[in-house]
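Protein chains: 2
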Amino acid sequence: MEAAIKQKSLNGIDVNQLFQTINLIKNDPEIAKFKFRAGNRWIDGAHNRATVKGFYGALKEDDTREPVVFEVDEPPVLLGNNLGANPVEYLLVALSGCLTTSLIAHAAARGFQIRGVESSYEGDIDLRGFLGISEEVPVGYQNIRVAFKIDADLSDEQKEELVAMAQKYSPVFNTITKSTPVSVHLNK
Amino acid sequence: MEAAIKQKSLNGIDVNQLFQTINLIKNDPEIAKFKFRAGNRWIDGAHNRATVKGFYGALKEDDTREPVVFEVDEPPVLLGNNLGANPVEYLLVALSGCLTTSLIAHAAARGFQIRGVESSYEGDIDLRGFLGISEEVPVGYQNIRVAFKIDADLSDEQKEELVAMAQKYSPVFNTITKSTPVSVHLNK
Numbered sequence: 001m002e003a004a005i006k007q008k009s010l011n012g013i014d015v016n017q018l019f020q021t022i023n024l025i026k027n028d029p030e031i032a033k034f035k036f037r038a039g040n041r042w043i044d045g046a047h048n049r050a051t052v053k054g055f056y057g058a059l060k061e062d063d064t065r066e067p068v069v070f071e072v073d074e075p076p077v078l079l080g081n082n083l084g085a086n087p088v089e090y091l092l093v094a095l096s097g098c099l100t101t102s103l104i105a106h107a108a109a110r111g112f113q114i115r116g117v118e119s120s121y122e123g124d125i126d127l128r129g130f131l132g133i134s135e136e137v138p139v140g141y142q143n144i145r146v147a148f149k150i151d152a153d154l155s156d157e158q159k160e161e162l163v164a165m166a167q168k169y170s171p172v173f174n175t176i177t178k179s180t181p182v183s184v185h186l187n188k
Numbered sequence: 189m190e191a192a193i194k195q196k197s198l199n200g201i202d203v204n205q206l207f208q209t210i211n212l213i214k215n216d217p218e219i220a221k222f223k224f225r226a227g228n229r230w231i232d233g234a235h236n237r238a239t240v241k242g243f244y245g246a247l248k249e250d251d252t253r254e255p256v257v258f259e260v261d262e263p264p265v266l267l268g269n270n271l272g273a274n275p276v277e278y279l280l281v282a283l284s285g286c287l288t289t290s291l292i293a294h295a296a297a298r299g300f301q302i303r304g305v306e307s308s309y310e311g312d313i314d315l316r317g318f319l320g321i322s323e324e325v326p327v328g329y330q331n332i333r334v335a336f337k338i339d340a341d342l343s344d345e346q347k348e349e350l351v352a353m354a355q356k357y358s359p360v361f362n363t364i365t366k367s368t369p370v371s372v373h374l375n376k
């Protein structure tokens with residue numbers, strides 16, 4: 001993000017703060033280490049409730065946010081009651097938010113003004129994996145397709161560059177496309 | 189899930205419907221092919237809005253659900269205004285919902301009655317990846333830790349078995365821990 005135009009705000013991103021943050025982190029990489037968290041409580045059947053509140057970052061705990069609560073459920077065809085989006089839909093929400101923010105932030109750092117960004121997400125799942133009917137079928141998404149539409153006075157090449165940067169620098173995209181270790185512990 | 193006790197409902201899961209679904213899918217694997225979707229629109233800065241509505245599954249489009257809308261933002265330290273959870277937190281929400289539902293459904297199929305399930309999630313991210321400061325640092329979560337607490341009249345071994353099944357059969361867990369292809373296209 002070095003070669004950016006220095007200006008106060010672009011695409012709603014405070015570019016001065018962004019570059020100050022980068023310089024602070026270059027001097028002390030500990031500032032860049034974040035821990036994000038969620039809690040979950042099962043309600044009934046396919047219905048459970050997740051809560052997001054505190055996190056650690058920039059060398060301190062931050063518990064100042066109001067908790068955000070998410071209902072998770074399945075549609076009736078998947079044994080639920082439609083009380084919320086389902087887990088694999090939440091994954092697409094996560095991916096959508098991350099690619100969009102990554103695109104916008106890196107556009108701001110490059111000095112590219114953006115008027116609008118829309119994107120759509122579709123993933124294929126074969127439920128024979130989840131149901132244990134076949135060991136050959138992947139349990140997770142077999143693949144996810146994303147389409148972006150960018151409204152900006154930029155060439156197609158510049159828009160392609162932004163879409164490439166969005167992928168390169170998106171934490172959720174990289175968590176999904178590289179295999180990320182998840183360790184699960186039972187509290188006895 | 190073959191060796192289960194056949195009864196109407198366990199843990200809020202209609203076990204008859206679950207086994208009927210498994211038998212239908214064994215006769216026609218096309219029934220198991222689902223497509224889940226989300227849309228996203230950038231609002232300003234780190235704030236964007238995702239919408240979940242229709243999906244394809246059990247051989248047909250389902251557009252009957254009311255849309256569910258999610259606000260995505262960052263805290264001020266990450267250039268946002270706290271208008272919603274951030275993308276990597278949504279990923280933990282997705283993982284929490286999926287491991288919980290996977291645990292509950294497979295417990296029901298095994299005939300294990302569950303009184304309560306709580307779980308907590310924490311993931312480490314080094315923002316030098318997102319910011320492009322270091323090419324060596326992973327951009328996504330470096331690792332994610334999960335802890336489960338299960339309230340049930342089960343032995344520790346049976347609870348450990350449930351936690352193992354939750355991981356084995358959870359689509360989101362497998363999407364994250366195996367590398368899943370994501371193709372991103374620019375609409376010109």
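Top line first, the protein sequences correspond to chains L and U. Okay, so the first sequence: first residue is 1 according to our numbering, each after it adds one. Okay, so the second sequence: first residue is 189 according to our numbering, each after it adds one. Using N, Cα and C, we set each Cβ at its ideal position, and we do this for glycine too.
Residue nearest to residue i in terms of C-alpha spacing, selected from the options
| i | options | result |
| --- | --- | --- |
| L247/U | V351/U, F318/U, K221/U | K221/U |
| A234/U | I321/U, V276/U, E323/U, D202/U | V276/U |
| E348/U | G328/U, F300/U, T368/U | F300/U |
| I292/U | N236/U, V256/U, D216/U, Y357/U | Y357/U |
| L99/L | K149/L, Q20/L, D44/L | K149/L |
| P255/U | Q17/L, G84/L, R128/L, I176/L | G84/L |
| D151/L | D73/L, A107/L, Y56/L, V184/L | A107/L |
| Q346/U | V265/U, P359/U, R298/U, N375/U | R298/U |
| V93/L | D126/L, I144/L, E135/L | I144/L |
| F79/L | K223/U, Y244/U, F207/U | Here residue 79/L turns out to be Leu, not Phe, going by the sequence shown. Checking every option, the nearest Cα to that of L79/L belongs to F207/U. |
| I114/L | E136/L, G132/L, D153/L | D153/L |
| R65/L | Y90/L, D44/L, N187/L, F36/L | F36/L |
DSSP-derived helix/strand/coil call for residue i
| i | result |
| --- | --- |
| S367/U | coil |
| V93/L | helix |
| N187/L | coil |
| D156/L | helix |
| E118/L | strand |
| L59/L | coil |
| S170/L | coil |
| S290/U | helix |
| E135/L | coil |
| T252/U | coil |
| R128/L | coil |
| F70/L | strand |
| N204/U | helix |
| N27/L | helix |
| G39/L | strand |
| A46/L | coil |
| L267/U | coil |
Residues near residue i by beta carbon distance below 6 Å, same chain, minus five either side
| i | result |
| --- | --- |
| Q142/L | D124 |
| F258/U | A238 |
| N274/U | E262 |
Cutoff 8 Å; reference residue i; Cβ partners in own chain excluding five residues on either side
| i | result |
| --- | --- |
| F318/U | V327 |
| K196/U | D202, V203, N204 |
Span separating the alpha-carbon of residue i from that of residue j
| i | j | result |
| --- | --- | --- |
| V163/L | S179/L | 22 Å |
| A147/L | P369/U | 14 Å |
| Q355/U | P171/L | 22 Å |
| D73/L | S155/L | 42 Å |
| L198/U | S290/U | 14 Å |
| L315/U | V184/L | 24 Å |
| A3/L | G12/L | Only weak support is given to the placement of A3/L: the predicted model assigns it a pLDDT of 45, under 50, and the question is left unresolved by the model. |
| D62/L | E249/U | 43 Å |
| Y56/L | P264/U | 13 Å |
| N270/U | E136/L | 42 Å |
| T21/L | I133/L | 50 Å |
| D232/U | K188/L | 45 Å |
| M353/U | Y90/L | 21 Å |
| T363/U | L186/L | 22 Å |
Neighbourhood of residue i by C-beta, 7 Å cutoff - its chain only, sequence neighbours within 5 removed
| i | result |
| --- | --- |
| F173/L | L95, C98, L99, Q167 |
| I219/U | L212, I213, A246, L247 |
| T177/L | none |
Would you check if there are 3 or more beta carbon pairs closer than 8 Å linking the segment 296-310 of chain U to the segment 40-57 of chain L? yes
Are at least three pairs of beta-carbons, each pair with one atom in the segment 46-55 of chain L and one in the segment 17-32 of chain L, less than 8 Å apart? no
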